[in-house]
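Residue numbers (my numbering): 41 to 258.
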């Protein structure tokens with residue numbers, strides 16, 4: 041029998057985390073007959089090392105993390121007799137941001153990107169599994185921004201590229217490609233890192249550096 045607890049255990053065994061579960065009985069963007077959607081992201085303590093050992097990371101082909109996600113989440117979905125869904129591969133694109141907020145565990149942050157109740161601004165959605173199993177939904181989380189003293193994310197960007205109601209992509213890329221932006225490039229976006237919840241999420245800095253280099257090359 042599938043429960044939120046067994047999904048969490050299964051996710052951990054695959055170096056993933058369950059980032060939220062929601063009722064999709066009436067959701068037009070999910071497979072017919074499905075009634076639960078489990079949102080999945082990297083497990084901070086094991087994903088990066090597991091990914092680096094994978095064939096996808098070493099074969100030199102494009103989009104290794106997306107391909108790893110398709111394989112791992114896709115195989116698990118088959119085991120559960122569910123349907124794997126992914127935020128990449130479009131258009132059209134699946135509404136992962138909406139699903140994340142409807143899960144009751146993610147909200148729009150003061151700087152715009154989603155903030156998660158456990159992973160803060162470091163949240164990353166790698167896929168989801170739609171299930172035809174109406175198990176009890178877990179309790180919704182609490183938006184950490186409502187009690188965050190000082191909201192350090194608002195002033196963390198050294199060049200003001202990411203702040204309240206503002207994201208200057210070209211300014212961000214210009215900074216992180218310079219010597220002054222070395223910290224951003226090597227350890228991840230300083231705005232995301234400034235979130236107190238992000239600080240306790242345990243993401244490997246090498247994982248953040250990898251994504252920053254991809255962003256710079258985009």
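Ideal Cβ positions, reconstructed from N, Cα and C, are used throughout, including at glycine.
What you are looking at is a predicted structure, and each value in this text was computed from that prediction instead of being measured.
Using a Cβ-Cβ cutoff of less than 6 angstroms, which residues in the same chain neighbour residue i once the five nearest sequence positions on both sides are dropped?
| i | result |
| --- | --- |
| residue 114 | 124 |
| residue 58 | 47, 48, 51, 78 |
| residue 238 | 160, 161, 162, 232 |
| residue 226 | 249 |
| residue 90 | 55 |
| residue 209 | none |
| residue 243 | 84, 162 |
Below 7 angstroms CB to CB, which residues in the same chain sit around residue i once its five sequence neighbours on both sides are set aside?
| i | result |
| --- | --- |
| residue 133 | 127 |
| residue 234 | 192, 193, 196 |
| residue 86 | 55 |
| residue 64 | 70, 74, 75, 76, 77, 170 |
| residue 216 | 224, 225, 252, 256 |
DSSP state of residue i, grouped into three classes?
| i | result |
| --- | --- |
| residue 76 | strand |
| residue 94 | coil |
| residue 245 | helix |
| residue 237 | helix |
| residue 86 | coil |
| residue 60 | strand |
| residue 81 | strand |
| residue 65 | coil |
Are there 16 or more other CB atoms within 10 angstroms of the CB of residue i, so buried, or fewer, so exposed?
| i | result |
| --- | --- |
| residue 157 | buried |
| residue 252 | buried |
| residue 247 | buried |
| residue 98 | exposed |
| residue 205 | exposed |
| residue 140 | buried |
Take residue i as the anchor and find which of the options has the nearest alpha-carbon.
| i | options | result |
| --- | --- | --- |
| residue 187 | 213, 230, 120, 150 | 150 |
| residue 118 | 143, 105, 168 | 168 |
| residue 165 | 83, 42, 242 | 83 |
| residue 142 | 207, 176, 100, 60 | 60 |
Between residue i and the rest of its own chain, which residues show a CB-CB distance below 8 angstroms, the 5 nearest in sequence each way excluded?
| i | result |
| --- | --- |
| residue 185 | 147, 149, 150, 155, 191 |
| residue 153 | 161, 232 |
| residue 182 | 157 |
| residue 211 | 199, 200, 201 |
| residue 136 | 79, 127, 165, 168 |
Would you say residue i touches the ligand ADP, meaning its beta carbon is less than 6 angstroms from a heavy atom?
| i | result |
| --- | --- |
| residue 92 | As far as ligands go, the structure on display features none, and thus does not contain the ligand ADP. |
Fill in: Sequence ranges, beta strand (DSSP E) only - wholly within the stretch 134-222, length at least 3
146-148, 154-156, 167-171
Item to complete: Note down, one range per segment and in chain order, each beta strand (DSSP E) of at least 3 residues found wholly within the stretch 100-136.
Response: 123-125
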